[in-house]
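Notes follow the structure.
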Amino acid sequence: MGKTSAPVKKNEYIDLTFSDLTHEGEGVGKLDGYPIFVPYGLPGESAKVKVIKVKKNLAFGKLIERYDTSEHRIEPPCDVFYKCGGCQIQHMTYERQLTMKQNQVQDVMKKIAQMPDVPVHPTIGMNEPWNYRNKVQIPVGERDGKVITGFYQKRTHNIIDMDTCPVQNDANDEVVRGIRDIIDELNIQPYNEETHEGVIRHIVLRTGQHTNEMMVVIVTKTKDLPKQKEFIEKIKALHPSIKGIIQNINADKTNVIMGDKSHSLWGNDVIIDRIHDLEFAISAHSFYQVNPEQTEKLYDQALKYAQLSGKETVIDAYCGIGTISLFLAQHAKQVYGVEVVPQAVDDAKANAKRNHIDNADFFVGEAEKVMPWWKAQGLNPDVIVVDPPRKGCDEKLLQAMIDMEPVRIVYVSCNPSTLARDLRILADSGYETQEIQPVDMFPQSSHVECCALLQKK
Numbered sequence: 001m002g003k004t005s006a007p008v009k010k011n012e013y014i015d016l017t018f019s020d021l022t023h024e025g026e027g028v029g030k031l032d033g034y035p036i037f038v039p040y041g042l043p044g045e046s047a048k049v050k051v052i053k054v055k056k057n058l059a060f061g062k063l064i065e066r067y068d069t070s071e072h073r074i075e076p077p078c079d080v081f082y083k084c085g086g087c088q089i090q091h092m093t094y095e096r097q098l099t100m101k102q103n104q105v106q107d108v109m110k111k112i113a114q115m116p117d118v119p120v121h122p123t124i125g126m127n128e129p130w131n132y133r134n135k136v137q138i139p140v141g142e143r144d145g146k147v148i149t150g151f152y153q154k155r156t157h158n159i160i161d162m163d164t165c166p167v168q169n170d171a172n173d174e175v176v177r178g179i180r181d182i183i184d185e186l187n188i189q190p191y192n193e194e195t196h197e198g199v200i201r202h203i204v205l206r207t208g209q210h211t212n213e214m215m216v217v218i219v220t221k222t223k224d225l226p227k228q229k230e231f232i233e234k235i236k237a238l239h240p241s242i243k244g245i246i247q248n249i250n251a252d253k254t255n256v257i258m259g260d261k262s263h264s265l266w267g268n269d270v271i272i273d274r275i276h277d278l279e280f281a282i283s284a285h286s287f288y289q290v291n292p293e294q295t296e297k298l299y300d301q302a303l304k305y306a307q308l309s310g311k312e313t314v315i316d317a318y319c320g321i322g323t324i325s326l327f328l329a330q331h332a333k334q335v336y337g338v339e340v341v342p343q344a345v346d347d348a349k350a351n352a353k354r355n356h357i358d359n360a361d362f363f364v365g366e367a368e369k370v371m372p373w374w375k376a377q378g379l380n381p382d383v384i385v386v387d388p389p390r391k392g393c394d395e396k397l398l399q400a401m402i403d404m405e406p407v408r409i410v411y412v413s414c415n416p417s418t419l420a421r422d423l424r425i426l427a428d429s430g431y432e433t434q435e436i437q438p439v440d441m442f443p444q445s446s447h448v449e450c451c452a453l454l455q456k457k
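The numbers in full-length UniProt numbering rise by one with no breaks, and the one at position 325 of the sequence shown is 325.
Written out as C-alpha cells, the structure is:
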C-alpha cells in the first residue's frame with residue numbers, strides 16, 4: 001500500500017465539525033476520515049481550528065473561533081481553567097461529563113477487551129460535583145519577588161498563581177493562602193526547580209471529611225526549616241481544624257512531590273476520618289481516596305459485587321491502609337490483605353484494631369509473590385478483590401488470581417484502559433466479566449473509577 005499523506009499541514013487554518021470526544025475530553029473532528037483532536041471542542045459544534053501538530057494517523061489543533069455552541073457547553077466557574085492543567089472538562093455540563101465517562105469505559109471494553117456486550121452502567125455521579133477534594137498538593141514558587149502557590153500550567157512547570165480552586169474543599173484553599181502569605185512574610189525561600197535551590201517545595205494538606213481534622217505537610221528541600229518556631233505558631237493560628245504539622249524532606253532533583261522522610265513539627269502525626277461507620281487513621285504518606293462521598297459509593301459497589309454471606313474467605317490485593325479490607329471483613333469470615341508498602345500495612349493493622357475487627361490480617365509483600373505462597377499453604381479464597389495502581393495488575397498477579405480459582409473477582413480500577421486489558425486476560429482463563437459500574441471519583445476531570453464483577457465460568 002502506498003503511503004498516504006495527512007490531509008492537513010501544520011499551522012494551517014481549517015473549518016471542523018466535532019463528532020466525538022477523546023478519553024481526555026478533547027473534541028474530535030474528521031477530515032476524510034482523518035481525526036483531529038482539539039481541546040475544548042464539543043460534539044455538534046463547528047469551529048475554526050489551527051492545526052498545531054500533524055502525525056501520520058491524527059493531528060492536534062487549537063480552537064480559534066466557535067461558529068455555534070453545544071447545549072452541553074457551560075461557562076467554567078474557575079477563572080484559570082483554560083490555563084491550569086488540573087481539570088480538563090469544566091466547560092461541559094455535569095450530565096455530559098458522566099455520559100462521556102460511561103462511553104469511555106464502553107469504548108475500551110469494545111476496542112481493548114474485545115467484549116462489546118458487557119453491560120457498562122451509567123456513571124454514578126455527585127449531587128454537588130464541586131469542593132470535593134480532601135487533599136491538596138500545591139507547588140510553591142516565586143514571581144517578581146513574591147511567593148506564589150498554584151497548580152502547574154498544562155504540559156509545563158509554570159505555576160499559575162491562584163487563590164481558590166473550585167474542586168478543593170474551602171478550608172484547604174483558605175489554609176494554602178495563609179501559608180503562602182506566612183512564607184512571604186517570614187521571607188523563607190521557595191524552591192526553584194531550575195537551580196535546585198531554596199527551601200519550600202510543596203504544601204500538602206489532608207482533611208477528614210467527617211471529622212474536619214486537618215494535617216499540614218510542608219515539603220522542604222532542606223533539613224533545616226528557617227524561623228521554624230515562628231512558622232509553626234503562625235500556621236497553627238490559621239484554622240481551628242489543624243491537628244498536626246509535619247515536615248517532609250525531599251532533597252532530590254525530581255518531580256516526585258514527597259520524599260521518604262517525614263517528622264512531626266507539632267501536634268498529631270495522623271488525622272482520623274470515617275467511611276460509613278469505620279474510622280481510619282491517615283498519615284502523611286497514606287494512600288486514601290481524595291473524594292470521600294464517592295469513596296463510600298465505590299466501596300458499597302465493591303461490597304455488593306463481592307456478594308458476601310459471612311462464610312467467605314476474601315483476599316484484598318493492594319490493600320493499602322486497609323480501607324476496602326475492613327469493609328469486607330464486616331461481612332466475610334476472614335480477609336487477608338497484602339500490600340508492598342510496609343508503612344501502609346502497619347496503618348492497616350492499626351485501623352483494624354481501631355475498629356475492633358479481628359478477622360482481617362495484613363501482610364507486607366508483592367501480591368504476585370505472596371499469593372502463590374498462600375495457595376501452597378492451602379489458602380483457597382472464595383473472592384479476590386483487587387485495586388491496583390494506574391498501570392493495572394502485574395501479569396504474574398493475574399496468573400496467581402487465576403490459579404487460586406476464586407468464585408468471584410471484584411476489580412476496582414482507576415484506569416479503564418488497563419482494566420480492559422486485564423479483563424481480557426482473565427476472560428481467556430475462564431473469568432467472565434458480568435458488569436461494570438463506573439463511579440465519578442474526580443468530577444471536572446477526565447478520570448473515571450470503575451468497579452467490575454467477574455464470575456468463574
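Every residue, glycine too, gets a C-beta built ideally from N, C-alpha and C. Every value quoted in this text rests on a predicted model; they were computed, and no experiment measured them.
Sequence-distant residues of the same chain with beta carbon closer than 7 Å to residue i, five excluded per side
i: D170; result: N131
i: D184; result: K146 and V147
i: Q307; result: R408
i: K234; result: I182
Simplified DSSP assignment, three categories, for residue i
i: D394; result: coil
i: I402; result: helix
i: R96; result: helix
i: F81; result: coil
i: E26; result: coil
i: R354; result: helix
i: R424; result: helix
i: V147; result: strand
i: L42; result: coil
i: F327; result: helix
i: S417; result: helix
i: V448; result: coil
i: T17; result: strand
i: P443; result: coil
i: A360; result: strand
i: Q377; result: coil
i: Q343; result: helix
i: E368; result: helix
i: K348; result: According to the sequence as given, residue 348 is Ala; it is not Lys. Of the three classes helix, strand and coil, the one that applies to A348 here is helix, per DSSP.
i: I409; result: strand
i: Q88; result: coil
i: T156; result: coil
i: L63; result: strand
i: G2; result: Residue placement at G2 cannot be trusted, given a pLDDT of 46 that sits under 50; what the coordinates show is reported in the next sentence. Looking at G2 - three-state DSSP - the assignment turns out to be coil, as it is neither helix nor strand.
i: L31; result: strand
Whole-angstrom C-beta distance between residue j and residue i, which should lie under 8 Å
i: R390; j: I112; result: Incorrect: roughly 15 Å between the Cβ atoms, too far for contact.
i: H239; j: M214; result: 7 Å
i: L419; j: G392; result: 7 Å
i: R206; j: E279; result: Incorrect: roughly 15 Å between the Cβ atoms, too far for contact.
i: N291; j: I321; result: At roughly 16 Å, the Cβ-Cβ gap does not stay under 8 Å, so N291 and I321 are not in contact.
i: V448; j: K101; result: 4 Å
i: V28; j: F37; result: 6 Å
From the options, residue whose alpha carbon lies closest to that of residue i
i: I188; options: E194, H196 and I179; result: I179
i: V62; options: D300, Q90, E128 and L16; result: Looking at the sequence itself, residue 62 is Lys, so the reference to Val does not match. It is L16 whose Cα lies nearest to the Cα of K62.
i: W266; options: Q289, S286, F231 and D300; result: F231
i: V385; options: P39, A352, L326 and V341; result: L326
i: G85; options: G150, P122 and I124; result: G150
i: S429; options: Q399, S445, A452 and S446; result: Q399
i: V199; options: I218, D181, K349 and N355; result: I218
i: G208; options: A59, V345 and T295; result: T295
i: C78; options: T418, D269, M162 and L328; result: M162
i: T220; options: Q228, A251 and T211; result: A251
i: K456; options: Q434, L419, P438 and M441; result: Q434
i: N268; options: Q247, S417, T164 and K304; result: Q247
i: I315; options: K10, F363, A344 and H91; result: F363
i: A59; options: N134, L31, K48 and S70; result: L31
i: R201; options: G244, R177, V270 and V140; result: V140
i: E432; options: P438, L423, V80 and D440; result: L423
i: M92; options: V120, P43, V118 and I203; result: P43
Beta-carbon contacts of residue i that lie in its chain and below 6 Å, excluding the five residues immediately before and after
i: T99; result: none
i: Y288; result: I282
i: H196; result: K253
i: I402; result: S429
i: G25; result: Q88, I89 and S446
i: V108; result: P416, S417 and A420
Contacts around residue i, its chain only, beta-carbon distance under 8 Å, and the 5 residues preceding and following it disregarded
i: I357; result: L326, A329 and Q330
i: D293; result: Note on residue identity: the sequence assigns Glu, not Asp, to residue 293. Result list for E293: M126, Y132 and Q209, in chain order.
i: V410; result: A302, Y305, A306, V383, I384, V385, V386, C451, A452, L453 and L454
Write down every uninterrupted run of the alpha helix (DSSP H) in the segment 159-244 whose length is 4 residues or greater and which is fully enclosed by it, in chain order. 170-185 and 228-236
Which runs of the alpha helix (DSSP H) spanning at least 4 residues fall entirely within the segment 255-322, listed in chain order? 292-306
What ranges does the beta strand (DSSP E) occupy inside the segment 99-149, keeping only unbroken runs of at least 3 residues that lie completely in it? 135-143 and 146-149
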